[in-house]
Ligand SMILES: Nc1ncnc2c1ncn2[C@@H]1O[C@H](COP(=O)(O)OP(=O)(O)O)[C@@H](O)[C@H]1O
Ligand SMILES: [Mg+2]
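Numbering (the working numbering), first residue to last: 377 to 729.
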């Protein structure tokens, strides 16, 4: 049988570039080489494209921060893409998980793994994810949506009415709505970059100013005292949810360092939860994935409030971490889908879209 021509793209221009190198290397290492004729493509932080010329049978999984060598500059990425049957963008964050590169694949009419343009861009944007999930009546943390405007801020209410406020007035309104502590997040971000927990008004001011360096749109959320659990989904119209896994962050919250640098952060699969709660999480994960027009795959992240066991949807990651120890492949491994078979299924879903 002729091999399927598959391009795997990794790296990318986001703050999650380094994580994508690890994810991409894991995918390249585990793809069935008898089935696929693989073109590995690396995008550097400036957006330049390269062929990754390393022998795929010799790939080692790098540490976060290690950069690929053995690169050959690509002068015309479109020519390369046009020659393949399907693309797997193993890219996280802006310009990879946000619908932009998906738009390029649509223009070129190349099948690709994962969410389409709309689902990708919606889920990349925390403010707009919340709007859609509210409509689907999925429970989420109380939140405020603000935008930076010159040296002031625009507070956007639930009906999209706007008020222009200075930072003092803004903080008061936010605390009225969300209490303290709160989580302050750039609307378009990932891997916890730009996110801070603020325990008082002064910290809130600083956190808002810090988040505004990453995005003009900012989401502020009430703090949920919760366990953090995640559920993987796969499929286009017929969507399957995995068992639920729990994260035990080694720090006060699951910050960038806790995710990638602190070996003490652990995952527990399956999470120790009542079956009725796990079932509710799985159902909600599928409902949310469909509500945001998800396709292919996503990892849906939840909080389970410690005191009440109430579930809150935190976010939907349309291209979750893909290292062999990442939650997404591990959740499927527990359900009997090994890493390589999982990749096959994702690629099949891309071709059968
Ligand atoms: N409302 C909240 N209550 C409690 N913890 C939160 C809240 N929002 C975020 N966190 C903590 O911050 C981490 C990162 O936030 P998240 O919204 O998942 O951002 P990212 O998209 O960067 O992963 C979460 O994994 C969790 O540990
Ligand atoms: Mg997260």
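Even glycine gets a Cβ: it sits at the ideal position worked out from N, Cα and C.
- Exclusion of the five residues before and after residue 673 leaves 490, 609, 610, 722 as the residues of its chain whose Cβ lies within less than 7 angstroms of its Cβ.
- For the pair residue 503 and residue 595, the CB atoms are nearer than the 8 angstroms cut-off.
- If you check the C-beta of residue 565 against ligand 1, you find a heavy atom less than 7 angstroms away.
- Counting C-beta atoms within 10 angstroms of its own C-beta, residue 629 has fewer than 16 neighbours from the protein chains shown and is therefore classed as exposed.
- At a threshold of 7 angstroms, residue 396 does not count as near ligand 1, since its beta carbon sits no closer than that to any of the ligand's heavy atoms.
- In the structure shown, residue 570 adopts coil according to DSSP, grouped into three states.
- For residue 690, the shortest C-beta to heavy atom distance toward ligand 2 is below 7 angstroms.
- Here residue 618 really is in contact with residue 707; their C-beta atoms are around 4 angstroms apart, less than 8 angstroms.
- Contact annotation: residue 725 and residue 648 have beta-carbon atoms that are not nearer than 8 angstroms.
- Around the C-beta of residue 464, 16 or more other C-beta atoms lie within 10 Å, and the residue is accordingly described as buried.
- Exposed is the label assigned to residue 429, since fewer than 16 other Cβ atoms lie within 10 Å of its Cβ.
- With a cutoff of 8 angstroms on beta-carbon distance, residue 521 and residue 546 are scored as not near each other.
- Annotation for residue 582: no beta strand (DSSP E) segment contains it, though the alpha helix (DSSP H) segment containing it runs 577-587.
- By the CB criterion at 8 angstroms, residue 692 and residue 670 fall inside the cutoff.
- If you check the C-beta of residue 591 against ligand 2, you find no heavy atom less than 7 angstroms away.
- Counting C-beta pairs with one atom in each stretch, the segment 511-521 and the segment 478-487 have fewer than three that are closer than 8 angstroms, which means they do not touch.
- In this structure, residue 394 keeps its C-beta atom at 8 angstroms or more from the C-beta atom of residue 469.
- 702 is the residue among 728, 712, 702 whose C-alpha sits nearest the C-alpha of residue 401.
- Annotated three-state conformation of residue 687 is strand, per DSSP.
- Between the segment 646-665 and the segment 680-695 there are three or more C-beta pairs closer than 8 angstroms, enough to call the two in contact.
- Judged by their CB atoms, residue 458 and residue 381 are not nearer to each other than the 8 angstroms cut-off.
- Within its own chain, the residues whose Cβ lies closer than 6 angstroms to the Cβ of residue 541, once the five positions on either side in sequence are excluded, are 529, 531, listed in chain order.
- Under the DSSP assignment, residue 675 falls in the beta strand (DSSP E) whose first and last residues are 672-681.
- For residue 516, the number of other beta carbons within 10 angstroms of its own is at least 16, and it is reported as buried.
- For residue 525, the uninterrupted beta strand (DSSP E) run begins and ends at 519-525, by DSSP.
- The three-state secondary structure of residue 562, taken from DSSP, is strand.
- Taking the Cα positions, residue 387 is about 5 angstroms away from residue 419.
- If you check the CB distance, residue 466 and residue 390 do not come in under 8 angstroms.
- Residue 379 and residue 569 have their C-alpha atoms roughly 39 angstroms apart.
- Beta-bridge partners assigned by DSSP to residue 383: 415, 463.
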